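In this note's numbering, the protein residues as written are 927 to 1339. Before any comments, here is the structure.
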């Protein structure tokens, strides 16, 4: 081995290897170029970092990462299995469609072909008629809806008018009730005044009767002398005269007092006559007000009954209108859904018609191609079956052979 190879093998090409290779060459004595007497083997320098232990730690999330990888692998396997199932299903569908196509190709040229355009046109015309009828019904339903909305608005206005009338009637009833209460209080005051006047009249009548009894029941005490020598007749006459004078004076005084009292009472009664007349007028007015109150109460009861009946009719009409409106809206929604469904079916039928037209054109092209191929094959077969004539006899084009398979001679004309 050469020195360079020994250096490469011993040093390892690493910085952490031995320090140099020149010392080794000099040590063996055969490779030194300058001097044969070298200093000997030099000490080897070793890197101290190689002696330190390697820190090997396990990642704490390695198990979680492995679980995630497993779950991802499972999901990928499931997706792959679903893709495989889809591919199998599509292959089966492809086979089914291929068999159907083969059957259609087999049945196309031989079997009778039905004209589907007429059927689809009839179906489309039927759908159009249904669409026209639905549109006509829609216009009619919209007109009915507008009429019902007008009815609802009219009933609303009538209901509001009845509510306003009821409010005004209630206000009038409250006012009349206040007036009646005031009149009742005034009538009570008048009744109290009448009772007071009656008690005063009864008191004065009692006093007058007492005075009359005092006048008529006046007693006179006369002293009598039993002396026989007295003139009794003259005494009696004197006493009678005195009694008559006293009675006349007392009667005159009583009559004067009575006349004065009567005049006073008449004067007072003349002043109170207006009060009695006012009491009578107030009584009549109170009676009229009571009658008016009764009539107003009856009118209020009738108005309340009419308002309740009108409210009930309005609520019933409003409820019927709402029910009819809901029915019309539901019918309109159903018609819209039916129209959408018919339009969808119409679009699907148009798509089917277009697909069938494309298929019919493709089948017609295939049939034309097959007919052209059959004609070409027949021409080729006829050309191969008829060989050219010997001796340069060129017959007319399209000449046929004679009966019996013998051809006419070329030389004889």
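Think of the CB as a built atom: it goes at the ideal place given N, C-alpha and C, for glycine as much as any other residue. Just so you know, these numbers come straight off a predicted model, no measurement behind them.
Please report how far the alpha carbon of residue 998 lies from the alpha carbon of residue 990, in whole angstroms. For residue 998 and residue 990, the distance between alpha carbons rounds to 12 angstroms.
6 angstroms CB neighbourhood of residue 1309 in its chain, flanking five on each side removed: Short of 6 angstroms from the beta carbon of residue 1309, and not among the five residues preceding or following it, lies no beta carbon of its own chain.
With a Cβ-Cβ cutoff of 8 angstroms, do residue 1050 and residue 1272 count as a contact? Closer than 8 angstroms, so yes.
Could you give the DSSP three-state label for residue 973: helix, strand or coil? DSSP places residue 973 in coil when its eight states are reduced to three.
State the DSSP-derived secondary structure class of residue 1057, mapped to helix, strand or coil. Helix.
Count the C-beta pairs between the segment 1257-1268 and the segment 1063-1079 that are closer than 8 angstroms, then say yes if the count reaches three, no if not. Verdict: yes, contact present.
Compare the Cα-Cα distances from residue 1220 to each of 1277, 1080, 1190 and 1106 and report the closest residue. When each option's Cα is compared against that of residue 1220, the closest is 1106.
Helix, strand or coil for residue 1261 per DSSP? Helix at residue 1261.
How is residue 1066 classed by DSSP in three states: helix, strand or coil? Secondary structure at residue 1066: helix, using DSSP grouped into helix, strand and coil.
On the premise that residue 1247 lies in contact with residue 1074, defined as a C-beta separation below 8 angstroms, what is that separation, rounded to the nearest angstrom? With 8 angstroms as the limit, residue 1074 and residue 1247 qualify as a contact, their Cβ atoms being about 6 angstroms apart.
Would you mind stating whether residue 1233 and residue 1055 have Cβ atoms separated by less than 8 angstroms? When the beta-carbon positions are compared, residue 1233 and residue 1055 stay at least 8 angstroms from each other.
Can you tell me the Cβ-Cβ gap for residue 1057 and residue 1268, rounded? I've got them flagged as a contact below 8 angstroms. With a contact defined as Cβ atoms closer than 8 angstroms, residue 1057 and residue 1268 qualify at about 6 angstroms.
Just verifying my parser: in three-state terms, what is the DSSP assignment at residue 1089? Looking at residue 1089 - three-state DSSP - the assignment turns out to be helix.
Report all residues from its chain with a CB closer than 8 angstroms to the CB of residue 959; omit the five preceding and five following residues, and keep chain order. Note that residue 959 has pLDDT 43, beneath the 50 cutoff, so the model's placement of it is unreliable and the number below is only indicative. If we look at residue 959 and ignore the five residues flanking it on each side, it has no Cβ neighbours.
Given residue 1266, which residues of its chain have a CB within under 7 angstroms of its CB, disregarding the five upstream and five downstream residues? Correct list: empty, nothing qualifies.
How many Å lie between residue 1077 and residue 1226 at the Cα? Whole-angstrom Cα-Cα distance: 29 angstroms.
Is residue 1075 helix, strand or coil when you go by DSSP? Three-state result, residue 1075: helix.
Pairwise C-alpha distance: residue 1097 and residue 1214: When rounded, the separation of the alpha-carbon atoms in residue 1214 and residue 1097 is 21 angstroms.
Rounded to whole angstroms, what's the CA-CA distance from residue 1253 to residue 1270? Just pull it up for me. Those two C-alpha atoms are separated by around 25 angstroms.
When you compare the CB positions of residue 1063 and residue 1261, do they come within less than 8 angstroms of one another, or not? Yes, the Cβ-Cβ distance between residue 1063 and residue 1261 is below 8 angstroms.
Within the present structure, is the beta-carbon of residue 1168 separated from the nearest heavy atom of the ligand PLP by less than 7 angstroms? Ligands displayed in this structure: none; no statement on the ligand PLP is therefore possible.
Can you look up residue 1273 in the DSSP assignment and give me helix, strand or coil? Residue 1273 falls in the helix class under three-state DSSP.
Mark residue 1292 as exposed unless 16 or more other C-beta atoms lie within 10 angstroms of its C-beta, in which case mark it buried. The residue is exposed, with fewer than 16 neighbouring Cβ atoms inside 10 Å.
What whole-angstrom Cβ distance do residue 1222 and residue 1102 have, given they're in contact under 8 angstroms? Residue 1222 to residue 1102, Cβ: 5 angstroms. Contact.
Would you mind working out which of 1285, 1301 and 1304 sits nearest residue 1030, comparing C-alpha positions? Of all alpha-carbon atoms in 1285, 1301 and 1304, the one lying nearest the alpha-carbon of residue 1030 is that of 1285.
Length of the line joining the Cα atoms of residue 1189 and residue 1181: Inter-residue distance for residue 1189 and residue 1181 is about 12 angstroms (C-alpha atoms, whole angstroms).
Express the C-alpha separation of residue 996 and residue 987 in angstroms, rounding to a whole number. Between residue 987 and residue 996, the C-alpha separation is close to 14 angstroms.
Relative to the C-alpha of residue 1088, which candidate in 1110, 1235, 971 and 1303 has its C-alpha closest? Nearest to residue 1088 by C-alpha distance, out of 1110, 1235, 971 and 1303, is 1235.
Just verifying my parser: in three-state terms, what is the DSSP assignment at residue 1172? Residue state, collapsed to three classes: helix.
What would DSSP say about residue 968, mapped onto helix, strand or coil? Reduced to three states, the DSSP call for residue 968 is coil.
Report all residues from its chain with a CB closer than 7 angstroms to the CB of residue 1243; omit the five preceding and five following residues, and keep chain order. In the same chain as residue 1243, and ignoring 5 residues on each side of it, the C-beta atoms closer than 7 angstroms to its own belong to 1081, in chain order.
State the DSSP-derived secondary structure class of residue 988, mapped to helix, strand or coil. Of the three classes helix, strand and coil, the one that applies to residue 988 here is helix, per DSSP.
Please return the same chain residues whose Cβ sits closer than 6 angstroms to the Cβ of residue 1278, not counting the five positions on each side in sequence. Nothing meets the Cβ criterion.
Would you please state the rounded distance, in angstroms, between the beta carbons of residue 1217 and residue 1095? I believe it to be under 8 angstroms. In fact, because the Cβ distance is near 19 angstroms, the residues do not count as touching under 8 angstroms.
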